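Undergrad: The structure follows.
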Amino acid sequence: MVGVSDNTMRKIETGAVIPKYDTLELLSLAYKVDLLAIFQKNRYDVSLLNLMEQVDEAILYHRPDELKRLYHDFSTYLSKEDHRDLINAADLKILEVFLKTALSYEDPDLKDIKRRELIEEIRETLCTHNPGLHWNKLANASLNLWEIRLLMLMALLEGSLENYDLSARILEAIVTRYKVLENLIVSEHKVFLTAIFNLAYLYHMMDQPQKALDVSEMGIRLAQKQGAFDILHGLYYRKGVAILLMGGEGYMAPLRYAVTLLEIMDQPEAAQLYRDVTLETYGLIIP
9 MVGVSDNTMR KIETGAVIPK YDTLELLSLA YKVDLLAIFQ KNRYDVSLLN LMEQVDEAIL
69 YHRPDELKRL YHDFSTYLSK EDHRDLINAA DLKILEVFLK TALSYEDPDL KDIKRRELIE
129 EIRETLCTHN PGLHWNKLAN ASLNLWEIRL LMLMALLEGS LENYDLSARI LEAIVTRYKV
189 LENLIVSEHK VFLTAIFNLA YLYHMMDQPQ KALDVSEMGI RLAQKQGAFD ILHGLYYRKG
249 VAILLMGGEG YMAPLRYAVT LLEIMDQPEA AQLYRDVTLE TYGLIIP
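Residues 9 to 295 in this note's numbering are what the sequence shown lists, from first letter to last.
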């Protein structure tokens, strides 16, 4: 590992030690990513990080009322001068655009023209703060976790406009970044879980069941590891449908898991909807 012992690497990954400056330089070479730039941009106080974690969850679980509350909390946070001084101007702009876009994305009355305006604002914001950004090489871009959040919203907006191929390419780049940074992320896994879940759905819409299966299984592992059980039903459903569409066996087990999880979460109407859609679309009865 480029001058970093296996023992030191394990301690860094588990949080037992904090890497020194020169160690971060070595790790940047190994991971082919500018960790110094990423970490420098994310050294903010715990209250802001906690707030952003709640925003991640609100987006993942589609909770618009929660997003409104969090946007108000963010405004309150910035009203304190000592807090505003903790955030550099570039990141402040990204956070403001991110939260505003997240609120708009969850608006059921959002018009397509507004979606396109939001996409263009995201593109301009990211390009302003990353002049060398190549849209066809996003997986290689040294974006921090604030910027990745914004990029993910751009993908979701493109998907809502049925630009599935473009949306999938953006989400693929985000998932690729996750594979690089997985052991260095402390609490932002739900950002990437949102990307994985939506990528599985996009692959389904693009008639690519093998890819849908692969990314669903990745999402299931991550959701179980992070205790994000509220999204497991969707991932299991995508897994079951992917197996079914490929003509494989064992598709009923994940479909049944999906329905059972909804029932455990006291969502009988959603469970019945899954059953109805499956019967209507595939002619299958989920027990």
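Glycine included, each C-beta is placed from N, C-alpha and C at the ideal position. Note that the structure is predicted; figures quoted are calculated from it, not measured.
Fully enclosed by the region 164-216, which alpha helix (DSSP H) runs are 4 residues long or longer?
TA: The region 164-216 contains these whole alpha helix (DSSP H) runs: 172-189, 197-213.
Undergrad: From residue 70 to residue 139, what does the alpha carbon distance come to, in whole angstroms?
TA: In a straight line, the C-alpha of residue 70 is about 32 Å away from that of residue 139.
Undergrad: With a CB to CB cut of under 6 Å and the five nearest residues on each side skipped, what residues in its chain are close to residue 268?
TA: Result list for residue 268: empty, nothing under 6 Å.
Undergrad: For residue 115, which three-state DSSP category applies?
TA: Three-state result, residue 115: coil.
Undergrad: Indicate the three-state DSSP secondary structure (helix, strand or coil) for residue 226 in the structure shown.
TA: Note: residue 226 maps to helix in three-state DSSP.
Undergrad: If residue 212 and residue 246 are in contact, beta carbons under 8 Å, what's the gap, nearest whole angstrom?
TA: Right, their Cβ atoms sit about 6 Å apart.
Undergrad: For residue 176 and residue 223, what's the separation of their Cα atoms in angstroms?
TA: For residue 176 and residue 223, the distance between alpha carbons rounds to 12 Å.
Undergrad: By Cβ distance below 8 Å, which residues in the same chain neighbour residue 88 in space, the five residues on each side in sequence not counted?
TA: Cβ neighbours of residue 88 beyond the five flanking positions: none.
Undergrad: Buried or exposed: which applies to residue 67, given that a residue is buried once 16 or more other Cβ atoms fall within 10 Å of its Cβ?
TA: Flag for residue 67 reads buried.
Undergrad: Please classify residue 199 as buried or exposed, where buried requires at least 16 other C-beta atoms within 10 Å of its C-beta.
TA: The residue in question, residue 199, is buried, as its Cβ has 16 or more Cβ neighbours within 10 Å.
Undergrad: Restricting to runs no shorter than 4 residues, where is the alpha helix (DSSP H) found entirely within the region 232-288?
TA: Qualifying alpha helix (DSSP H) stretches, in chain order: 240-253, 260-272.
Undergrad: Since residue 88 is in the alpha helix (DSSP H), which residue starts that stretch and which ends it?
TA: First-last for residue 88: undefined, no H or E at that position.
Undergrad: Sorted by chain position, which residues of the same chain lie with C-beta nearer than 6 Å to residue 109's C-beta, five sequence neighbours on each side aside?
TA: So the qualifying residues of the chain are 126, 161.
Undergrad: Assign residue 248 to one of two classes, buried (16 or more other C-beta atoms within 10 Å of its C-beta) or exposed (fewer than that).
TA: Answer is buried; the Cβ neighbour count reaches 16.
Undergrad: If you drop the 5 nearest sequence neighbours on each side, which residues of the same chain put their C-beta closer than 7 Å to that of residue 156?
TA: Excluding sequence neighbours, residue 156 sits near 182, 185, 199.
Undergrad: Excluding the 5 residues flanking residue 72 on each side, which residues of the same chain have their C-beta closer than 6 Å to its C-beta?
TA: Excluding positions up to five away in sequence, the list reads 114.
Undergrad: Kindly indicate which three-state DSSP category residue 137 falls into: helix, strand or coil?
TA: If DSSP states are grouped into helix, strand and coil, residue 137 belongs with the helices.
Undergrad: Answer with buried or exposed for residue 137, where buried requires no fewer than 16 other C-beta atoms within 10 angstroms of its C-beta.
TA: Classification for residue 137: buried.
Undergrad: Mark residue 143 as exposed unless 16 or more other C-beta atoms lie within 10 angstroms of its C-beta, in which case mark it buried.
TA: It counts as exposed.
Undergrad: Specify the secondary structure class of residue 151 as computed by DSSP and reduced to three states.
TA: Here residue 151 sits in coil by DSSP.
Undergrad: For residue 127, which three-state DSSP category applies?
TA: Of the three classes helix, strand and coil, the one that applies to residue 127 here is helix, per DSSP.
Undergrad: Going by DSSP in three states, residue 80 sits in which element: helix, strand or coil?
TA: Note: residue 80 maps to helix in three-state DSSP.
Undergrad: Helix, strand or coil: how does DSSP classify residue 102 here?
TA: In the structure shown, residue 102 sits in a helix (DSSP, three-state: H, G or I).
Undergrad: Can you tell me the Cβ-Cβ gap for residue 164 and residue 106, rounded? I've got them flagged as a contact below 8 Å.
TA: Going by Cβ atoms, the distance from residue 164 to residue 106 rounds to 12 Å, so no, they are not a contact pair.
Undergrad: From residue 274 to residue 148, what does the alpha carbon distance come to, in whole angstroms?
TA: Taking the straight line joining both Cα atoms gives about 42 Å.
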